[in-house]
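Taking the numbering used here, the leading residue of the sequence shown gets 58, the next gets one more, and so forth.
Here's the structure, in structure tokens; my notes come after.
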Amino acid sequence: MSLVELIAQADERGLAASGLACLDRCVPLLGGDDLVLRPLWASLADGSDWSAGLEKARGSLAFGEETGGGAGGGADEAETLARRMLDAAPVSQEAAGVRRWADACSVASLQIHRLLDPAEDAAPSVDTRREGGTEGMSPLVAAELRRQVTVLELLAGHGTAGLRRALDVSTEGRRVLRAVVSRRARGLG
């Protein structure tokens, strides 16, 4: 099943987890620490309102509004996309808003990985990847696509119990992106 199909079939919690996981993996671009979004994950697990945690995360990440490190080019665009994901996060986890956000986060996160991948991605756009086209996919984009699919499958198959594993998948992706950002800042990638 394609990523687009998985998003279309996901319930509110799955959509919220999908969007949050995309954002969580891109936190290194915003200068945030690894725990900045944990209150949002906890809200998903217990079904509570996440608006207070979202405001706190936005406040914590606001200080890092100039985290591009002067890397220029793709890094600046990637940071802008990550900031938009955070800014667009819905205060409520209701279906319509969270569905639009999850879909936009999916596109933005794949685009971020495409911009930061030193290898060329052969597809004309990330939409090709989201619809199932995998030929000539760059390694960083391929890994991000797998993570997005895995998160949605975990939530569809295990509900709330899949959240812990989804967070683990997101944490792994955040470490990878942090390493990519670090390499670019040192001029190695």
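Every residue gets a Cβ at the ideal spot worked out from N, C-alpha and C, and that includes glycine.
Asked	Found
Taking just the CA atoms, how far does G244 sit from W158?	33 Å
Between the C-alpha atoms of L172 and E229, what's the straight-line distance to the nearest angstrom?	19 Å
I'd like to check one pair, I169 with A200: are the Cβ atoms closer than 7 Å?	no
Could you check the C-alpha separation between G126 and A242 for me, to the nearest Å?	For G126, the predicted model reports a pLDDT of 43, less than 50, meaning its position is unreliable; a value from the coordinates is still stated below. Near 7 Å, if we compare the C-alpha coordinates of A242 and G126.
Confirm, please, whether the CB-CB distance from A73 to V155 is below 7 Å.	yes
Taking 7 Å as the threshold (C-beta atoms), are G71 and L209 in contact?	yes
D68 lies in the alpha helix (DSSP H); which residues open and close that run?	Looking at the DSSP string, D68 is not in any alpha helix (DSSP H), and its letter there is neither H nor E.
Distance check for E192 and P147, CA to CA, integer angstroms please.	34 Å
Is DSSP giving A179 helix, strand or coil here?	coil
Shortest alpha-carbon distance to E177 belongs to which of A165, S166, R187 and V198?	V198
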